[in-house]
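For the sequence shown, numbering that gives the first Met the number 0 gives the first residue as 0, with consecutive numbering after it.
Cβ coordinates follow ideal geometry from the N, Cα and C atoms, glycine included.
Report on the structure given below.
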Amino acid sequence: MTTMTRPVALPPGPAAPRAVQGAYALTQPLRGMRRLRARYGDAFTVNVPIFGNAVVISDPAEIKQLFTSGPELVDNLEVNLGRVLGPRSMFALSGDEHKRQRKLLVPPFHGKRLAAYERIVEEETVRELATWPEGTPFATLPSMMRITLNAILRAVFGAEGAEFAELRELLPPFVTLGSRLAVLPITKRGRFNPWRRFEKMRREYDAIVDRLIAKASPDGDDVLAMMLQSRYDDGSGLSREEISDQLLTLLTAGHETTATTLAWAVERLRRHPALLAELETGDSKLLDATILEVQRTRPVIDLTARQVKQDGFELGRWTLPKGYAVLVSIALIHDDDAVFPQAAKFDPHRFAGARPDLYQWIPFGGGTRRCLGAAFATMEMSVVLRTLLRDFTLVPTTEAGERWHSRGVAYAPAKGGRAVVRRRSTGGDS
Ligand code: HEM
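In structure tokens, the structure reads:
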């Protein structure tokens, strides 16, 4: 019996050469997507550096179908974040290897373990908020970055030690450079290439992790100890290279995304005084709904990607050839009035008492590759904002909303989520 492959059916798209489309994508990422949607509809074909030929989708049914398709049909992109995080990072793995690693890495970030991290996040928040100036404007993003970096470092490595200070120094420039290199089509050749600096930092990082592995307590309950104890089904453990790449993945994926979302939360809250007043009563359900709405209206990752592995892959209205990338536009589906009525309006009440549909509300991506740290990030954002609103009044503003600013992988508010705050009186303290 012969099987017939259906003829290719691609959505329409611009005909400009790859370099021109790439320049447009780099300089106008979000506006460009909206313009393409206005011109071609909710799916379009592009040709851009890094991804190559790609179909951008934002229709809920097509997104759901993509996220639920097996790895024999669609899987990880061949060009992926493994370029910066290492070949054994979750972001680099596909198929069974990805499944195997995911099974080992999910437990430390779920269930009862999360409750244990709450205390760490609150401690780090209180420590950072103690440095906040009263009555003068300042950007909250640097503070959010320190809180989330320290929180993930402590969750991953347990007790603080000399290596902590070194990682705290090394990681911010390392992550910033890696994040830029991940989205720029720069090869590793040439003497003054930024990859050289990146590789030097990677060697420093590996040396620190080696020392931490040597010191790790065999019965500890931090993520590193759990990784050292974990076994694949065949009884073997994770190699040193696997541990090093996965830890870097967790530290990188786990801090900038959460920090930029928190900076957006501050930016949004200051522009919604009625909501702020409601939150000040300590309504935790409304706080949860607010976090959902911040992530809907200000998703810090605008795209997630898969690659077609079989010719004739049928995706809703389209039939795609092997090798094409499929880019799910998180920003476009979140901004679609047909999916979220009055999508442009920031209104947390739309989520009050309702769980979002996880194929429509997708700041963490979806399916078998959905963000592994989603529950951890949600807990963390909730603890930081709860502590902030407990200890401070955020002074509302009538200034225009902050613009989007690309930091490489994540989008942050352009002014860093500027705030003016007043410390609440604690009654007893003077
Ligand atoms: C607000 C914060 C965060 C956002 C918006 C975010 C977003 C994302 C997105 C969009 C993906 C790709 C999903 C897909 O392709 O379907 C992803 C994957 C991932 N994230 Fe997050 N993330 C956040 C926080 C975290 C944290 C705190 C951690 C670690 C503790 C983490 C670890 C990971 C890992 C390991 C993956 C790869 C999962 C896989 O390939 O199976 N993320 N994240």
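If you compare the alpha carbons of GLY160, TRP194, ALA252, ARG190 with that of ILE151, the shortest gap goes to ALA252.
A residue is called buried once 16 or more other Cβ atoms fall within 10 Å of its Cβ, and HIS333 is buried on that count.
The DSSP assignment places 222-228, 239-252 as complete runs of the alpha helix (DSSP H) inside the stretch 220-252, in order along the chain (cut-off: 4 residues). Here the C-alpha atom of ARG422 lies approximately 21 Å from the C-alpha atom of SER283. In chain order, GLU401, ARG402, TRP403, HIS404 place their CB closer than 8 Å to the CB of ALA413, counting only its own chain and leaving out the 5 sequence neighbours on each side. In this structure, the alpha-carbon of LYS102 lies about 13 Å from that of SER93. In this structure, the C-beta of ILE151 approaches the ligand HEM to less than 7 Å from one of its heavy atoms. With a 10 Å radius around the Cβ and a threshold of 16 neighbouring Cβ atoms, GLN309 comes out exposed. For MET89, the distance from the CB to the nearest heavy atom of the ligand HEM is below 7 Å.
Counting only runs of 4 or more residues that sit fully inside the stretch 117-162, the alpha helix (DSSP H) segments are 140-156, in chain order.
In the structure shown, GLY281 adopts coil according to DSSP, grouped into three states. When DSSP states are grouped into helix, strand and coil, VAL327 belongs to the strand group. Exposed is the label assigned to ARG188, since fewer than 16 other Cβ atoms lie within 10 Å of its Cβ. Look at PHE108: its beta carbon is less than 7 Å from one of the heavy atoms in the ligand HEM.
Under the three-state reduction of DSSP, TYR358 is assigned to coil, being neither helix nor strand. Distance between GLY12 and ARG34, taken at the CA atoms: about 11 Å. Assignment of ALA42 by DSSP, reduced to helix, strand and coil, places it in the strand class. A Cβ-Cβ distance of about 7 Å is found for the pair GLY415 and PRO141, placing them in contact under the 8 Å criterion. Within the stretch 361-420, the complete alpha helix (DSSP H) segments at least 4 residues long are 373-390, listed from N- to C-terminus. Taken atom to atom, the span from the alpha-carbon of ILE290 to that of ALA353 is near 13 Å.
ALA154 and TYR116 do touch by the CB rule: their CB atoms are close to 5 Å apart, below 8 Å.
Secondary structure at LEU72: coil, using DSSP grouped into helix, strand and coil.
Per DSSP, ILE300 lies in no alpha helix (DSSP H) and is assigned neither H nor E. Membership of VAL78 in any alpha helix (DSSP H) is not indicated, and neither H nor E is assigned to it by DSSP.
About 17 Å separates the beta carbon of GLN245 from that of LEU148, a gap too long to meet the 8 Å contact definition. When secondary structure is reduced to three states using DSSP, VAL338 falls in the coil class, being assigned neither helix nor strand. In the three-state scheme derived from DSSP, where H, G and I count as helix and E and B as strand, ILE49 is classed as coil.
According to the DSSP secondary-structure assignment, ARG190 is paired through a beta bridge with no residue. Beta-bridge partners of GLU313 (DSSP): THR318. Placement of the Cβ of GLY372 at a distance of less than 7 Å from at least one heavy atom of the ligand HEM is found. With a cut-off of 7 Å, the C-beta of THR392 is classified as distant from the ligand HEM, since no heavy atom of the ligand falls inside that distance.
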